[in-house]
Structure formats: structure tokens, C-alpha cells
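Below you'll find the structure, written out as C-alpha cells, and then a few comments.
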Amino acid sequence: MTKTHELKIAPEYFEAVTEGRKTFEIRKNDRNFEVGDTLVLQEFDNGEYTGREYWEDVVYITDYLQKEGIVVMGTLPNEREYPF
């Protein structure tokens, strides 16, 4: 069953994602991420949420050559829920 994960993201990374330059997330796998999950990236700046979000789908996941508990997720914009 797919899940939706709300995740904090710093402004410089948020911009790279929304501009299409960053199509991956490197995260601690404390949520058991899976292909098909949706990530809701919520911009977080100076200890506060800015109100900006970006929805994307996990299309690939690997832990190859990562530190234990870390995964790299390939992502694409979420066409169903994308709020922009």
C-alpha cells in the first residue's frame, strides 16, 4: 500500500526540485519508503514552514553504497496532486 510522507526541505533544495534540477531525495529510511509512495516536500526556512509545497512520486529507490539506514529515491512530479 502506498503512503504519503510530509517532509521538510530547505529553500535551496526546494528551488532545485521545483526547477527540475533535483530529481532525487536522499533520506534516512525511518519511514520505510517504497516505490509508489508520494512525497510532500514542505519548504522549511529559519525554523518555520513557508507554506510552499511540492508533491512528487517515488519511482526508484536504492540503498546501494549508502550509509546504513539511508536511501536514495528517484522522483517525478506528482501529476495527480501537484498543487501548482
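Note that the numbering used here has the sequence shown beginning at 20, numbered continuously upward. Beta carbons are placed, not taken as given, at the ideal position from N, Cα and C, and that holds for glycine. As the structure is a prediction and not an experimental result, all values here were calculated from the model.
Length of the line joining the Cα atoms of residue i and residue j
i	j	result
K22	R50	10 Å
M20	Y79	16 Å
DSSP three-state assignment for residue i, whether helix, strand or coil
i	result
Y73	strand
E34	helix
Y68	strand
T21	coil
Y83	coil
L26	strand
Extent of the continuous beta strand (DSSP E) to which residue i belongs
i	result
R46	F43 to K47
G93	I89 to P96
Beta-carbon contacts of residue i that lie in its chain and below 8 Å, excluding the five residues immediately before and after
i	result
H24	R50, F52, D56, T57, L58 and V59
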